[in-house]
Amino acid sequence: MAVATTVTVSSLCASPLRSPRTVPNFVFQFAPKFSSFKLGFESLQLRTTLPATKLVVRAARTESKGVSLGFRAPNFEIPEPLTGKVWKLEDFESHPALLVMFICNHCPFVKHLKKSIVKLANFYMKKGLAVVAISSNSVATHPQDGPQFMAEDAKLFKYPFPYLYDESQDVARDFGAVCTPEFFLFKKDGRRPFELVYHGQFDDSRPSNSVSVTGRDLSLAIDCALSCQPVPSNQKPSVGCSIKWHP
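Okay, so the sequence shown: first residue is 1 according to full-length UniProt numbering, each after it adds one.
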């Protein structure tokens with residue numbers, strides 16, 4: 001359910017969520033070989049000559065929901081702006097598990113996890129996991145999430161996975177996706193189609209809390225899927241911005 005939040009901004013427009021220049025070191029729980037490292041974020045300064053004005057901004061905070069475990073991965077055929085290649089579900093059939101992530105460029109919840117998502121993907125792709133990211137946001141309302149900027153983001157953050165553009169938004173509807181980020185982990189059993197085994201959060205960290213990013217929840221599910229162990233069914237929903245549907 002979307003929840004309205006209120007923030008105060010000293011301008012006539014809302015500034016992006018601010019992050020400190022350095023974040024305390026943390027260690028990925030799923031990757032013992034990783035050493036502690038820092039994530040650096042640039043603080044964004046809002047400069048204006050206009051007098052300070054109190055502005056109320058309503059932001060949609062949405063939880064992933066409505067998709068049952070065992071759900072079969074829908075077919076899709078959508079392009080990758082960075083390379084121009086069209087990807088299909090069948091391109092990942094040789095992998096034992098598939099992680100489908102609905103993300104975008106502008107969402108502060110995605111920005112909070114972006115570097116950690118790349119590290120998680122790099123680690124597990126070496127173990128056989130297939131990973132794909134999809135953006136379904138409307139460019140009519142959010143042009144910063146369009147194909148050109150998606151390609152730039154993929155290069156800037158060195159995405160090891162394809163970052164696909166769902167212009168029609170049909171793929172998001174087929175998956176039942178409602179927010180960014182939203183994670184769908186599918187597993188194959190022999191020749192059976194990919195079936196959903198995890199639909200939950202990355203971890204407990206949010207842009208507005210002081211919890212360190214670990215990737216614990218998602219990495220535990222991936223570990224279970226790749227080792228043919230049952231994935232725990234008690235899964236916390238992912239929390240983020242609502243997908244921006246076409247007006």
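Even for Gly, the Cβ is constructed at its ideal location relative to N, Cα and C.
Span separating the alpha-carbon of residue i from that of residue j
i	j	result
Ala73	Phe186	7 Å
Asp166	Ser210	33 Å
Asp153	Ala121	16 Å
Gly84	Gln169	18 Å
Phe183	Arg191	23 Å
Lys111	Pro207	9 Å
Pro247	Asp145	15 Å
Arg95	Glu80	The residue you asked about is not Arg; residue 95 is His in the sequence shown. Rounded to whole angstroms, His95 to Glu80 spans 20 Å at the Cα level.
Cys104	Cys228	31 Å
Nearest-angstrom beta carbon gap, residue j and residue i [assumed within contact, 8 Å]
i	j	result
Leu156	Val132	That pair is no contact at about 18 Å.
Ser136	Ala172	4 Å
Phe102	Ala130	At roughly 16 Å, the Cβ-Cβ gap does not stay under 8 Å, so Phe102 and Ala130 are not in contact.
Met125	Pro160	6 Å
Residue i - DSSP class collapsed to helix/strand/coil
i	result
Tyr159	coil
Cys107	coil
residue 249	Absent from the model: residue 249. The displayed extent of the chain is 1 to 247, so no value can be given.
Leu55	Since pLDDT at Leu55 reaches only 31, below the 50 mark, its modelled position is unreliable, and the value read off the structure follows with that caveat. In this structure, Leu55 counts as coil in the three-state DSSP scheme.
Val86	strand
Cys179	strand
Glu152	helix
Pro79	strand
Contact set for residue i: own chain, Cβ-Cβ below 7 Å, skip 5 residues either direction
i	result
Cys107	Thr180, Gly240, Cys241
Lys114	Phe157
Val231	Val197, Tyr198, Ala221, Cys224, Ala225
Gln235	Tyr198, His199, Gly200
Neighbourhood of residue i by C-beta, 8 Å cutoff - its chain only, sequence neighbours within 5 removed
i	result
Lys88	Asn75, Phe76, Glu77
Lys65	Val178, Pro237
Lys127	Leu226
Residue i - partner residues in DSSP beta bridges
i	result
Lys187	Ala97, Glu195
Thr62	Gly240
Arg72	Glu195
Val132	Val100
Leu220	DSSP lists no partner for Leu220.
Spatial neighbours of residue i in its chain, beta-carbon cut-off 6 Å, leaving aside the 5 residues before and after
i	result
Pro193	Arg72
Asn244	At residue 244 the sequence reads Lys, which differs from the Asn that was named. Correct list, in chain order: Asn137, Ser138, Thr141, His142.
Asp174	Pro74
Chain D contact for residue i (CB, 8 Å cutoff)
i	result
Gly176	Checking the listed chains, one finds no chain D in this structure; it contains a single protein chain.
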